[in-house]
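> Here the protein sequences line up with chains A and B, keeping their order.
Note that the UniProt record's numbering numbers the first sequence so that position 85 is 85, with each residue one more than the last.
Note that the UniProt record's numbering numbers the second sequence so that position 83 is 83, with each residue one more than the last.
Got a structure for you, questions after.
2 protein chains.
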Amino acid sequence: MIGKLYLIPTTLGDTEPLEVMPISVKKVVEQIDYFIVENEKSARKFIKKITPTKPQSSLQLHLLDKYSSEFETRNYLDICNEGVHVGLLSEAGVPAIADPGASIVKLAHEKGIQVVPLVGPSSIILAMMASGMNGQNFAFNGYLPIDKSERKKAIKNLEKTSKEKNQSQIFIETPYRNKSMLEDLRAILSPTTQICIACDITLPSEYIRTLSAKEWKFEKADLHKRPAIFIIHY
Amino acid sequence: MIGKLYLIPTTLGDTEPLEVMPISVKKVVEQIDYFIVENEKSARKFIKKITPTKPQSSLQLHLLDKYSSEFETRNYLDICNEGVHVGLLSEAGVPAIADPGASIVKLAHEKGIQVVPLVGPSSIILAMMASGMNGQNFAFNGYLPIDKSERKKAIKNLEKTSKEKNQSQIFIETPYRNKSMLEDLRAILSPTTQICIACDITLPSEYIRTLSAKEWKFEKADLHKRPAIFIIHY
């Protein structure tokens, strides 16, 4: 038997794992000792929380983050040939979305290893559901440029694409830059363009609000350092 | 107190709800009697399965499907003013994604009603995770045109956009047309363009495979009448 690659979700913050994911995730983590992880510390913390009785000493963790080269990671799935299952864990949320995990999934397909995605919290899909914007046509764009003028151009382009394709445009920002992102959106977008901001998704402090660019000028929202998803629709 | 709008996931097929969603979904369904549903029969079946002791006679179900007009549904959230929580339920998977539910979420934002998205299976995000394609930039395009020549044009356009933006392109098809969709993709796309097909996601018969258009010519896959997600990447 050849081992499988399980795509294991984690929490989006400090919540109980079983509040935001099915019991089947716990059952899979119980079976697995070999993990490919985006961040070792957060992975150990999650594994301990969801399977408190699993000895940490039995864990084999292998790093895959944005600095990992293909050369370093190309042997990570060899152990599947010995019938061992491998788990892929992101730093937050579901793996292989908005993180470097997809390269390992690609490798699994090339090697004919079965890939099993497990259900858990994806801030992108939860924000999209809760936005009230077009969920039949949407795009996730990752981070926008940091440079002021390039960023302005990117925001204008997203608004234009949204108008032309009736497509909701999702993007993310580093939490300490949320405030300036909202200021840019207010200033650059047409007054009637809708902006959804979804902060601290699945946490007790969850905040999700959709308003027009004009209405956001009067909304008092404390977004500072809170993980957020932005969605706009013309 | 004003009632909230809960976005309640359901299963993607005949699985036990708690195998694919957290226990918190069950707790919310226990509290709610007033539901806005895409399909009454499947909604009743799901509510019965996840909360067997809830009397069906206490349920108030209100229809929101692709034939519903804004006029019919505009009062659906009035009951929130009486402190009653409302649940939104799609026919399969998470509501307000690839279904008409977003209009009610939009109404909730307009009325200042809190929207609470719950975690559950989204075939789009599970397929994207498992595809091994770029998960940092992707678009969901819904259904492609049925007309042969328009469809060909749409497929070509998706491939072009994928190349230009390094963006994975997700779309869906009516299950009995999956086979002809795969034939079209094989014939129209460049031989090296990657195609992921994810069928029966979360079911025991789950099948997820990423191959190039050329390799798909030699792959024996029975896709007929199985719910599927297609993703391509140049």
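Think of the CB as a built atom: it goes at the ideal place given N, C-alpha and C, for glycine as much as any other residue.
Considering only residues of the same chain and omitting the five flanking positions on each side of B:Leu61, which have a CB-CB separation below 7 Å?
Within the second sequence, residue 61 of chain B is the residue found at index 61, counting from 1. Once the five neighbours on either side are set aside, the close Cβ partners of B:Leu61 are Phe35, Val37, Glu40, Ala43.
> Hey, which unbroken runs of the beta strand (DSSP E) at 3 residues or more fall wholly within the stretch 22-68 of chain B?
34-37, 60-63
> Tell whether a beta-carbon distance below 7 Å holds between A:Lys26 and A:Ile47.
Here residue 26 of chain A refers to the residue found at position 26 when the first sequence is read from its first residue. Here residue 47 of chain A refers to the residue found at position 47 when the first sequence is read from its first residue. The beta carbons of A:Lys26 and A:Ile47 sit no closer together than 7 Å.
> At least one CB of chain B closer than 7 Å to the CB of A:Met129: is that the case?
Within the first sequence, the letter at position 129 stands for residue 129 of chain A. Chain B contact via Cβ: present.
> Less than 8 Å between the CB atoms is what I'm expecting for B:Pro175 and B:Pro121, so what's the real figure, rounded?
Your numbering for residue 175 of chain B matches position 175 in the second sequence. Your numbering for residue 121 of chain B matches position 121 in the second sequence. Contact check for B:Pro175 and B:Pro121: beta-carbon distance about 17 Å, past the 8 Å limit, so the pair fails to qualify.
> In the DSSP assignment, the beta strand (DSSP E) including B:Phe71 goes from what residue to what residue?
Position 71 of the second sequence holds residue 71 of chain B. Unbroken run through B:Phe71 is the alpha helix (DSSP H), 70-73; no beta strand (DSSP E).
> Return no unless some Cβ of chain A is closer than 7 Å to the Cβ of B:Ile195.
The count along the second sequence starts at 1 and reaches residue 195 of chain B at position 195. False, the Cβ-Cβ gap to chain A never drops below 7 Å.
> Residues of chain A with CB closer than 7 Å to the CB of B:Gly3, please, in chain order.
The residue given as residue 3 of chain B occupies position 3 in the second sequence. What B:Gly3 touches in chain A: nothing, since even the nearest Cβ is about 16 Å away.
> Does A:Leu126 come within less than 7 Å of chain B when only Cβ atoms are used?
Against the first sequence, residue 126 of chain A aligns to sequence position 126. Yes, its Cβ sits closer than 7 Å to a Cβ of chain B.
> Measure the C-alpha to C-alpha separation of A:Gly101 and A:Ser90 and round it to an integer number of angstroms.
For the purposes of this step, residue 101 of chain A is taken as the residue at position 101 of the first sequence. For the purposes of this step, residue 90 of chain A is taken as the residue at position 90 of the first sequence. Using only the alpha carbons, I get a separation of about 7 Å.
> Taking the continuous beta strand (DSSP E) assigned at B:His233, which residues delimit it?
Start at 1 with the first residue of the second sequence, and residue 233 of chain B comes out as number 233. In this chain, the beta strand (DSSP E) harbouring B:His233 covers 228-233.
> Could you give the DSSP three-state label for A:Ile124: helix, strand or coil?
Against the first sequence, residue 124 of chain A aligns to sequence position 124. If DSSP states are grouped into helix, strand and coil, A:Ile124 belongs with the helices.
> Is it buried or exposed, residue 236 of chain A, if we count other Cβ atoms within 10 angstroms and call 16 or more buried?
Limits of chain A in this structure are 1 at one end and 234 at the other, which puts residue 236 of chain A out of reach.
> Do three or more CB pairs link the stretch 198-215 of chain A to the stretch 150-158 of chain A at distances below 8 Å?
no
> Taking the continuous beta strand (DSSP E) assigned at B:Asn141, which residues delimit it?
In the second sequence, the residue the question calls residue 141 of chain B occupies position 141. Note, B:Asn141: beta strand (DSSP E), 138-143.
> Using beta-carbon positions only, say whether A:Arg186 and A:Ala221 come within less than 7 Å of one another.
What you label residue 186 of chain A is simply residue 186 of the first sequence in a count that begins at 1. What you label residue 221 of chain A is simply residue 221 of the first sequence in a count that begins at 1. Against a cut-off of 7 Å, the Cβ pair of A:Ala221 and A:Arg186 comes out as no contact.
> Please report the residue range of the alpha helix (DSSP H) in which A:Pro17 lies.
Position 17 of the first sequence, counted from the start, is the residue given in the question as residue 17 of chain A. Segment 17-20, the alpha helix (DSSP H) holding A:Pro17.
> From the DSSP secondary-structure annotation, give me the bridge partner or partners of A:Gln169.
Residue 169 of chain A sits at position 169 when you count from the first residue of the first sequence. Beta-bridge pairing links A:Gln169 to A:Ala139, A:Ile232.
> Just tell me which of A:Asn141, A:Thr193, A:Lys160, A:Ser190 has its CA closest to the CA of A:Ile229.
Walking along the first sequence from the start, residue 229 of chain A turns up at place 229. For the residues A:Asn141, A:Thr193, A:Lys160, A:Ser190, the minimum Cα distance to A:Ile229 belongs to A:Asn141.
> Could you name the residues that DSSP lists as bridge partners for A:Cys199?
Translated into the one-based positions of the first sequence, residue 199 of chain A becomes position 199. BP columns for A:Cys199 point to A:Tyr207, A:Ala228.
> With DSSP run on the structure shown, which of helix, strand or coil describes residue 245 of chain A?
Coverage of chain A is limited to positions 1 through 234, which leaves residue 245 of chain A absent and any answer about it impossible.
> If distances are taken between C-alpha atoms only, which option among B:Ala139, B:Ser180, B:Asp33 comes closest to B:Ser57?
Your numbering for residue 57 of chain B matches position 57 in the second sequence. That would be B:Asp33, whose Cα lies nearest to the Cα of B:Ser57.
> Do the stretch 103-114 of chain A and the stretch 5-20 of chain B make contact, defined as three or more Cβ pairs closer than 8 Å?
no
> Which class does A:Ser190 belong to by DSSP, given the choice of helix, strand or coil?
Taking the first residue of the first sequence as position 1, residue 190 of chain A is located at position 190. Residue state, collapsed to three classes: coil.
> Measure the beta-carbon distance from A:Ile170 to A:Phe138 and round it to whole angstroms, keeping in mind my assumption that it falls under 8 Å.
In the first sequence, residue 170 of chain A corresponds to position 170, counting from 1. In the first sequence, residue 138 of chain A corresponds to position 138, counting from 1. Confirmed, Cβ separation roughly 6 Å.
> Measure from the alpha carbon of B:Gln114 to the alpha carbon of each residue in B:Leu126, B:Ala92, B:Cys80, then state which is nearest.
Walking along the second sequence from the start, residue 114 of chain B turns up at place 114. Checking every option, the nearest Cα to that of B:Gln114 belongs to B:Cys80.
> Mind checking the stretch 31-58 of chain B against chain A and listing, in chain order, the residues whose C-beta falls within less than 8 Å of any C-beta there?
Result list empty, no residue passes.
> Identify the residues that DSSP records as bridge partners of A:Gly87: which are they?
For the purposes of this step, residue 87 of chain A is identified with residue 87 of the first sequence, where counting begins at 1. Answer is A:Tyr6, A:Phe35.
> Contact defined as beta carbons within less than 8 Å: I believe A:Pro22 pairs with B:Pro117. What is the distance between those atoms, to the nearest angstrom?
Walking along the first sequence from the start, residue 22 of chain A turns up at place 22. Walking along the second sequence from the start, residue 117 of chain B turns up at place 117. B:Pro117 and A:Pro22 do not touch by the CB rule: their CB atoms are close to 16 Å apart, not below 8 Å.
> Hey, would you say B:Leu12 sits closer than 7 Å to B:Thr210, going by beta carbons?
Counting from one through the second sequence, the residue named residue 12 of chain B turns up at place 12. Counting from one through the second sequence, the residue named residue 210 of chain B turns up at place 210. It is not a contact, given that the beta carbons lie outside the stated cut-off.
> Which chain A residues are close to residue 249 of chain B, counting only those with a beta carbon under 8 Å from its beta carbon?
Since the displayed chain B opens at 1 and closes at 234, residue 249 of chain B lies outside it and no answer follows.
> Kindly say whether B:His224, judged by its beta-carbon, lies nearer than 7 Å to any beta-carbon of chain A.
Locating residue 224 of chain B in the second sequence gives position 224, where the first residue counts as 1. Answer no: the Cβ-Cβ gap between B:His224 and chain A never drops below 7 Å.
> Listing by chain order, which chain A residues have their CB less than 9 Å from the CB of B:Ser68?
Start at 1 with the first residue of the second sequence, and residue 68 of chain B comes out as number 68. What B:Ser68 touches in chain A: nothing, since even the nearest Cβ is about 15 Å away.
> Enumerate in chain order the residues of its own chain whose CB-to-CB distance from B:Thr192 is below 6 Å, with the five nearest sequence positions on each side excluded.
Looking up residue 192 of chain B in the second sequence gives position 192. Cβ within range, chain order: Ser212.
> Between which residues of its own chain and B:Lys156 is the CB-CB distance below 7 Å, once the five residues before and five after are set aside?
Taking the first residue of the second sequence as 1, we reach residue 156 of chain B at position 156. So the qualifying residues of the chain are Ile188.
> Show which residues of chain A have a CB atom less than 9 Å away from the CB atom of B:Gly120.
Taking the second sequence and counting its residues from 1, the one referred to as residue 120 of chain B is at position 120. Correct list: Pro22, Val119.
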